[in-house]
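Numbering (the numbering used here), first residue to last: 38 to 168.
Take a look at the structure below.
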């Protein structure tokens, strides 16, 4: 049975909590940038640790080549840009579909900031992997 994307996000937050031994929540976080008017940029992130030292964006897209370039890849890259602007020590781009994760890593090679780790959340195995 296929689970809904929001259910998958909640599951990944739980897995992150177990891995890093602290609670994660979906909430807004101030980014390390300001707008031209001096206002701090705030972005809602899918997973933020209690101490705000670990952040993650979670994507539950299923891979299809047709949809990848047009509708799936650009939002995932934008999510990585927001991670890049976070002041967190650990920044994770998490995918719940292994095929999508592999395809994203290939397409984004050389485009991502070096401090962003792209991982697959194996929901069935309750683990993360670099696939």
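Think of the CB as a built atom: it goes at the ideal place given N, C-alpha and C, for glycine as much as any other residue.
Since the structure is predicted, the reported quantities are computational estimates derived from the model, not experimental observations.
Should residue i be labelled buried (16 or more other beta-carbon atoms within 10 Å of its own) or exposed?
i: residue 140; result: buried
i: residue 50; result: buried
i: residue 38; result: Unreliable positioning characterises residue 38 in this predicted model, as indicated by a pLDDT of 42, which lies under 50. The coordinate reading is nonetheless provided below. Residue 38 is exposed by the Cβ-count criterion.
i: residue 97; result: buried
i: residue 77; result: exposed
i: residue 56; result: exposed
i: residue 109; result: buried
i: residue 148; result: exposed
i: residue 59; result: exposed
i: residue 158; result: buried
If residue i and residue j are in contact, beta carbons under 8 angstroms, what's the gap, nearest whole angstrom?
i: residue 79; j: residue 68; result: 7 angstroms
i: residue 92; j: residue 125; result: 4 angstroms
i: residue 132; j: residue 52; result: Incorrect: roughly 13 angstroms between the Cβ atoms, too far for contact.
i: residue 145; j: residue 114; result: 7 angstroms
i: residue 116; j: residue 130; result: 7 angstroms
i: residue 88; j: residue 63; result: In fact, because the Cβ distance is near 16 angstroms, the residues do not count as touching under 8 angstroms.
i: residue 75; j: residue 65; result: About 18 angstroms; that fails the 8 angstroms criterion.
Name the two residues that bound the continuous beta strand (DSSP E) containing residue i.
i: residue 41; result: Unbroken run through residue 41: none, as it is neither H nor E.
i: residue 62; result: 61-71
i: residue 166; result: 164-166
i: residue 159; result: 153-159
Practice prompt. Scan the stretch 73-140 and note each continuous beta strand (DSSP E) run of 3 residues or more that stays entirely inside, going in chain order.
Written response: Taken in chain order, the complete beta strand (DSSP E) segments of 3 residues or longer contained in the stretch 73-140 are 77-86, 91-96, 127-132.
Worksheet item: Is the stretch 145-158 touching the stretch 114-124, taking contact as three or more C-beta pairs under 8 angstroms?
Response: Yes, the stretch 145-158 is in contact with the stretch 114-124.
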